[in-house]
Amino acid sequence: MQRRRGGSWLVFAVVLFGLAAWLMLSGQGEEAAPAPLKVEFPKRLRPEERTRMESRRTYVMPTVDAGTGTEQKPLKPSDPVLAALPRGKGKTAVVIEANAIRHSPIGELLLECMMRRGGDDLERFKQETGVDPLKDLDRLIITDEGVIVSGNFGDKKLKDLLADRGSTSYDYGDEARIFEPTFERNLSDGGVVRREGPRVGMWNDQMLVFGRSPDGVKAVIDRVEGRGPDEPPVISESSTYGEMYGVVSVEQLKKMFPPDQQELALKLAEVAENVELHVDARSDFAMTAQVKGSNEDKVRDLGKSLGGALSLARLRAQTEGEKELAQLLDFAKVNPDGKEFRLELAVPLEIIKEQLAFCREQQDTGEAKPREAQPTP
77 MQRRRGGSWL VFAVVLFGLA AWLMLSGQGE EAAPAPLKVE FPKRLRPEER TRMESRRTYV
137 MPTVDAGTGT EQKPLKPSDP VLAALPRGKG KTAVVIEANA IRHSPIGELL LECMMRRGGD
197 DLERFKQETG VDPLKDLDRL IITDEGVIVS GNFGDKKLKD LLADRGSTSY DYGDEARIFE
257 PTFERNLSDG GVVRREGPRV GMWNDQMLVF GRSPDGVKAV IDRVEGRGPD EPPVISESST
317 YGEMYGVVSV EQLKKMFPPD QQELALKLAE VAENVELHVD ARSDFAMTAQ VKGSNEDKVR
377 DLGKSLGGAL SLARLRAQTE GEKELAQLLD FAKVNPDGKE FRLELAVPLE IIKEQLAFCR
437 EQQDTGEAKP REAQPTP
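If you're matching positions, the sequence shown starts at 77 in the numbering used here and goes up one per residue.
What follows is the structure, given as structure tokens:
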């Protein structure tokens, strides 16, 4: 029940993440005509984001001398969410600043649609868990290992819900508790089917970790509390700009390419070391994807190939009368820079408003379509 209820409050974040991934891979190369609207792309930490970054250094890990067992001088405070991220090359971690998006113009539009279609579900979720996603949710992180959610999760209702339904729970590390739920279903012949649910770790009432196995959840907690590998997290503090940011592994990106673009997908896998994403959603939806590699010639050729794919996609959209897609690709551009290139994609706020106009039209006409028949943005 928890999993079903929890789905609705992640809608606006997942929609934005999916939009970013789709736009990045929809396929410019030649110079486009000047864009009718000016869009600001994310490039570095803004003053307010630097303040946000510094305010999140809240956790201090005490060190213990191995010889005496006595506690030593504590280390500098760190951001526990960044510490929880995977380490090493070839890993994926995308952070969605849910609270920031919630209060952006795009977030308000998406929330308006969501509330009209699932407002009752959201209210029931709040009553059952004691968590208000619109106030208590801070960040949502998608990784290869699972999902991490940060925010305010100290309400007793949530802990009781996690411990319900035959769950096994136990303390782990310094500040965490692990929940291993088991679900049962009665069969028509009188038998019972039992299945294990996703493993959940709660750390210090401010972080929920969802994983496929107890060991996966414990590995995240270990990294937060300083028991993980010495490698730095895949996202550094200096890269936490935008309302969405992170690193996507090449293997994950290959899966997103359509069948007719597999040659380009193979080139990406051969050349790129990583792909770093940043999205500015304060007004328009503006995304940069920075592709880096060790071979400058191959990186340059890849940029040209990607530019050609974008140009072809835009021409095809214009020819086939796909007005919305052509508008989106008008803002696409590839900027080469030595051993890397930056792909820029944007969706102006006015276009997003047009795509979400059906919500307001339904409210104005008073026509409530059946849930299964409602269009999706």
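Heads up, the beta-carbon is just placed ideally off N, CA and C, and yes, glycines get one too.
As the structure is a computational prediction, the values presented were derived from the model and not from experiment.
It is roughly 13 Å from the alpha-carbon of H179 to the alpha-carbon of R215.
DSSP places A402 in the helix class (H, G or I) of the three-state scheme.
Closest in C-alpha terms to I254, from the list T219, G266 and D291, comes D291. Residue state for K409 is assigned as strand, using DSSP reduced to three classes. Ranked by Cα distance from A252, the options E260, L213, K235 and A341 are led by K235. S264 and M363 have their alpha carbons spaced roughly 52 Å apart. For L121, there is no enclosing beta strand (DSSP E), as DSSP marks it with neither H nor E. A straight line joining the alpha-carbon of A160 with that of T244 spans about 23 Å. The three-state reading of DSSP puts D291 in helix, counting H, G and I together. Taken through DSSP and simplified to helix, strand or coil, L213 comes out as strand. R133 sits in coil when the DSSP states are folded into three classes, being neither helix nor strand. When the beta-carbon positions are compared, E349 and K165 come within less than 9 Å of each other. Cβ-Cβ distances below 8 Å link K429 to L185 in the same chain, with the five nearest sequence neighbours on each side left out; the list follows chain order. When the beta-carbon positions are compared, D360 and V157 stay at least 9 Å from each other. P162 is bridged by DSSP to nothing; it lacks a bridge partner.
With 16 or more other Cβ atoms inside 10 Å of its own Cβ, N175 counts as buried.
Y317 has no beta-bridge partner at all, per DSSP. Counting along the chain, the unbroken beta strand (DSSP E) around K368 starts and ends at F361 to K368.
Beta-carbon to beta-carbon, R163 and P274 are separated by about 22 Å, too far to satisfy the 8 Å threshold. Counted as a single uninterrupted DSSP element, the beta strand (DSSP E) harbouring G227 occupies residues G222 to G227.
Taking each of I218, K232 and V323 in turn and checking the Cα distance to Q203, the smallest one comes out for K232.
Burial is judged here by how many other beta carbons sit within 10 angstroms of a residue's own beta carbon; G266 has fewer than 16 and is exposed.
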